[in-house]
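Going line by line, the protein sequences match chains A and B. First residue of the first sequence: 1387, per the numbering used here; consecutive thereafter. First residue of the second sequence: 331, per the numbering used here; consecutive thereafter. We treat Cβ as the ideally placed atom computed from N, Cα and C, and that holds for glycine. Source: prediction; values computed, not measured.
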Amino acid sequence: GAGVSQSPRYKVAKRGQDVALRCDPISGHVSLFWYQQALGQGPEFLTYFQNEAQLDKSGLPSDRFFAERPEGSVSTLKIQRTQQEDSAVYLCASSPLAGARFGTDTQYFGPGTRLTVL
Amino acid sequence: SQKIEQNSEALNIQEGKTATLTCNYTNYSPAYLQWYRQDPGRGPVFLLLIRENEKEKRKERLKVTFDTTLKQSLFHITASQPADSATYLCAPSENTDKLIFGTGTRLQVFP
């Protein structure tokens, strides 16, 4: 595809339900990132993959959050036992190179999944 | 802890004028700084990247400065147009693989 896609675009969950959010990165992109964006705030880093390896998960807010990228392409962010404070937009981004440490990697963002927990 | 400040109030300017947005950071020394644009209901879109050893960078009507002494970046849009109306996010980041974003400043350009 032309860009990063995410599904579903909108998800409403009852408190306590489990949800799974999907990200399809740009084909061939090595790095994949998940961010959480609360209303009126900037995106906050959750986790980072290089191919199938999860290299940084320091931003995951609790052990209810789990992300995977088993084949190094599509990624899923799973939230167990959702709480109202989990309501936010979840953004996925990908970049072509292995590591942005040289500041040369642009991250390409998807449209996000808006999660509302009732 | 790392702190990034962008004007939380919206910036309203008239078409044709230059818009200037500010990004201040404290408690760390980013090696590079990126600016992104975000429209409602969409993900951020990359605009410009500037490194710590660069003072200024330009791209078409956009100009970014990076002052590591003041710990500040300024983002300028010259000859602004209504289509420039959006939220602009700065991301001063260390040499890591995750972006650290400010809260963003909403720009409104009116005819």
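Taking all protein chains shown into account, residue 370 of chain B has fewer than 16 neighbouring C-beta atoms within 10 Å of its C-beta and is therefore exposed. Considering only A:1390, A:1399 and A:1388, the residue with the shortest C-alpha distance to residue 1467 of chain A is A:1399.
Residue-level contact check: residue 333 of chain B does not touch chain A, since none of the beta carbons of chain A fall below 7 angstroms from its beta carbon. Nearest CB-CB separation between residue 1411 of chain A and chain B: not below the 7 angstroms threshold.
Here residue 1396 of chain A is not near residue 428 of chain B, since their CB atoms are 7 angstroms or more apart.
When rounded, the separation of the alpha-carbon atoms in residue 1438 of chain A and residue 408 of chain B is 43 angstroms.
When A:1403, A:1440, A:1504 and A:1425 are compared, the shortest CA-CA separation from residue 1476 of chain A is found for A:1425.
In terms of CA proximity to residue 414 of chain B, B:377 leads the group B:433, B:377 and B:354.
Proximity of chain B to residue 1417 of chain A at the Cβ level (cut-off 8 angstroms) is accounted for by 427, in chain order.
For residue 1451 of chain A, the closest of A:1432, A:1459 and A:1419 by C-alpha to C-alpha distance is A:1432.
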